[in-house]
Amino acid sequence: MTPKASDIFDILIRQHADMLSAFIYSMSFDRSEVDDIFQETIISAWTRIDDFDPSRPFAPWLRGIARNHILAAARKNKRYRAHLHGLLEDRIEEQFGRLDRESGDSFAERIAELKRCIERLHAEGREAIELVYIRGVDVPVAAETVGAAQETLRKRLYRARLWLAECLKTKQVFA
Amino acid sequence: MNNDHLPTPPDPCALDLGQDDAPHQQADARVVHGLLRMLDEGESARVVARVDRATAAVRAQEGGLRLVGTRAHRFRERLAWIGGSAGMAAAIVLALLFFPSSTEATAVAALNSMRSTARAGGRCYEILIQPHRPPSAGPERGRADGPERGRADGSERGRADGPERGRGDRPDRARAEGFRRVGELQLGAEGRWTLTMSKLRRESADRPPTGDRPVLERIVMGFDGTQYWLVGPRGSIRRSDSQITFGKGFPGAVEVGILDGPELDTEGEQIAMSGSGESLGYMTLSSVLDSLQRGYQVSFDSRTDADTSLGRPITVVQARRLDSRGGEGPQSVRLVADSTTLEVISVRLTWAIRPSDGAPASAQPAGGMLPPRAVLIRQLPIGACESIGPKWFLPEFHSSRGDDFNQLSR
């Protein structure tokens, strides 16, 4: 007896859910839109499954759909429009393509190097990353916690992200 | 370039400050931002809920769970190509092995989605019990000298004509069926929950007398995602790695006080329950959903697909206990969920009645105590109760000062 197509599609989506969420977080400008974009992507993927080229991998195809939804959402907002340009999008896709090839059964395993890089991060950056990203503290509260201005904390976070990107490059996780 | 002119975006980490950096650097920083988001302690639960919502939306768009035809056929053909990865092949093999039929498979998938949605929290439920015998009937412990509280049909004396608190004045079928409200379940994020119930306190020498009436005291059980909590009437706390059950720590193990709305019924009505530790598990939604993973045959109840009396499309999943299952599990469980979100609206657990003596067939009577005839867990309107937050699971929140568990524990 064969499983239903929708069941297999469910399994595929669950398998790629972490990757897709990370991709949407990377490209979107508004955290509150992530759930909506995720849902729209899945619905579009199911609706357009006939367009999928089976000789190509599934993950980039899914990201392509997500990218269109993210850009459509961003274009509606003047504030975000200025931040959109193709070079940035292509590079994001390139890095996720590299992550697809990392070994590991789950997305968490494929980004395990990131945790090791965080451990090597300088104390100030690590504190900021742990507060905002791992413990989910809002930036204003995190800034108050570390005794810094919000802008200072945001700069600290940005520098930490740049450093982590370099770290991932040295480990050949990033291109 | 400075972007200080930009208002603070909803995600302050998303708009980078490094506009002077090369595009590839900005892009890399954004990818790291996305990856870091996945390390958030609550992100796993959010992803599960996100997937469940999205797949439920797909099913809803495709006309429920009846997808057939060329798309399904073509998709299956295409999957043969995608199946190049070992993980994918394994997933498909698992699907083939463990999904004995498409109907059951999708019912199990729906059940899993209900579990995930419940983990997202933010809702509360009332717990109603239909006792094996009405509180006033039968040889219940502690009832021999008490006033008669219930009617022969199990309905509650003095309340049958009044509106049910918190639910308006519409007819209540559960009340008419003899269900009694015994607790309130609140679901928090990441699988946290609290269950507020009451126990009967009888007169003791160290407490002021209250006439000849027993007194009901509020007790709250909870789960913080790792440990189970039991908070007594005076704030004392007991924690355990395993589910705290009637038999293992619920003071006054065999008596559950009847609640009516947010106030306790101080007249001391009670329902005798089984002395077994399993009973409490059937009052928490997560335990019920978990228990259906094994030993139950799960299917959709298609007869009720069109039932829109709740004002929204519903999905009904029916679970029937397989004979091989031991313990005191209910014979059947009926789950009603919102079709779009798969948020559980109500759960009815029913124990089978043994015709010979009227006792539930699955019961292992201990001291004459029996499991309930049925348990009903049903959703309360939004705003009917306060949502629980992580603070509830801080010891100082309860300002422990009593020794009620030392006194009451078995």
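Those protein sequence lines, which keep their order, are chains R and F. Residue 39 is where the first sequence starts when you use the numbering used here, and the numbers rise one by one after that. Residue 4 is where the second sequence starts when you use the numbering used here, and the numbers rise one by one after that. Beta carbons are placed, not taken as given, at the ideal position from N, Cα and C, and that holds for glycine.
Closest to residue 183/F by CA distance: which of 293/F, 133/F, 335/F is it?
133/F
Next on the checklist: I'd like to confirm the pairing. Which residues does DSSP put opposite residue 47/R in its beta bridges?
Outcome noted: Beta-bridge pairing links residue 47/R to no other residue.
Q: Please name the residues in the stretch 31-44 of chain F whose beta-carbon is closer than 9 Å to at least one beta-carbon of chain R, in chain order.
A: 31, 32, 33, 34, 35, 36, 37, 38, 39, 40, 41, 42, 43, 44
Report task. Using three-state DSSP, classify residue 229/F as helix, strand or coil. Result -> coil
| query | What number of angstroms, rounded off, separates the C-alpha of residue 147/R from the C-alpha of residue 190/R? | reply | 32 Å
**Message:** Going by DSSP, what residue range makes up the beta strand (DSSP E) through residue 167/R?
**Reply:** Note, residue 167/R: premise wrong, no beta strand (DSSP E); alpha helix (DSSP H) at 161-167.
### Query
Which residues, in order along the stretch 49-63 of chain F, keep a beta-carbon less than 9 Å from a beta-carbon of chain R?
Shown in chain order are the members of the stretch 49-63 of chain F whose Cβ falls below 9 Å from a Cβ of chain R: 49, 50, 51, 52, 53, 54, 56, 57, 58, 60, 61, 62.
Whole-angstrom distance between residue 378/F and residue 50/F, CA atom to CA atom:
31 Å
For residue 192/F, decide whether its Cβ has a neighbour in chain R, counting only Cβ atoms nearer than 8 Å. no
Suppose you measure from the CA of residue 323/F to the CA of residue 54/F; what does that come to, to the nearest Å? 27 Å
Can a CB atom of chain F be found closer than 8 Å to the CB of residue 110/R? no
* Mapping DSSP to helix, strand and coil, what is residue 205/R? -> Three-state DSSP puts residue 205/R in a helix.
**OP:** Output the distance between the C-alpha atoms of residue 232/F and residue 241/F, rounded to the nearest integer angstrom.
**Re:** Going from the Cα of residue 232/F to the Cα of residue 241/F covers about 6 Å.
Beta-carbon gap between residue 129/R and residue 27/F smaller than 8 Å: yes
Given 8 Å, three or more beta-carbon pairs between the stretch 174-189 of chain R and the stretch 130-147 of chain R:
Taking 8 Å as the limit for Cβ pairs, the verdict is that the stretch 130-147 of chain R does not touch the stretch 174-189 of chain R.
Practice task
Step through the CB atoms of chain F and report whether any lies within less than 8 Å of the CB of residue 163/R.
Solution key: no
Should residue 393/F be flagged as near chain R, meaning a C-beta pair shorter than 8 Å?
no
Exercise. Just how far apart, CA to CA, sit residue 181/R and residue 25/F?
Worked result: Roughly 27 Å separates the two Cα atoms.
Practice prompt. Figure out for me which residue from 392/F, 299/F, 401/F, 335/F has the closest Cα to the Cα of residue 111/F.
Written response: Looking at the Cα atoms, 299/F is the closest of the given residues.
Residue 52/R: contacting residues in chain F (beta-carbon distance under 7 Å)
54
Short of 7 Å Cβ to Cβ, which residues in the stretch 157-191 of chain R face chain F? If the cut-off is 7 Å between Cβ atoms, the stretch 157-191 of chain R has 167, 170, 171, 172, 173, 174, 177 near chain F.
**Study point:** Interface partners of residue 97/R on chain F, CB under 7 Å
**Key:** In chain order: nothing, as chain F lies at least about 10 Å away.
Rounded to a whole number of angstroms, what is the C-alpha to C-alpha distance between residue 193/R and residue 297/F? 51 Å
Backbone secondary structure at residue 344/F - three-state DSSP:
coil
Leaving out the 5 sequence neighbours to the left and right, which residues in its chain are closer than 6 Å to residue 107/R when beta-carbon positions are compared? Excluding sequence neighbours, residue 107/R sits near 75, 78, 79.
Subject >> Bridge partners - residue 324/F, DSSP secondary structure assignment >> reply: Paired residue(s): 299/F.
* Residues of chain R with CB under 8 Å from residue 28/F, in chain order? -> The answer, in chain order, is 200, 203.
Strictly under 8 Å for the Cβ-Cβ distance: is residue 414/F near chain R by that measure?
Any property of residue 414/F remains undetermined from this structure, which presents chain F solely from 4 to 413.
Residue 128/F at chain R interface by Cβ criterion, 8 Å: no
Check your understanding: Mind pulling the chain F residues with CB within less than 7 Å of residue 105/R?
Key -> Per Cβ cutoff of 7 Å: no residues; residue 105/R is ~13 Å from chain F at best.
Item to complete: Would you check if the distance between the CB atom of residue 61/R and the CB atom of residue 37/F is smaller than 8 Å?
Response: yes
- Item | Span of the alpha helix (DSSP H) around residue 42/F | No alpha helix (DSSP H) contains residue 42/F, which DSSP labels as neither H nor E.
Along chain F, which residues have their Cβ under 9 Å away from the Cβ of residue 126/R? What residue 126/R touches in chain F: 26, 27, 29, 30, 33.
- [ ] With DSSP as the reference, label residue 140/R as helix, strand or coil.
- [x] coil
Can you grab the Cα-Cα spacing for the pair residue 336/F / residue 175/F, in whole Å?
20 Å
Relative to the C-alpha of residue 139/R, which candidate in 118/R, 166/R, 105/R, 210/R has its C-alpha closest?
It is 210/R.
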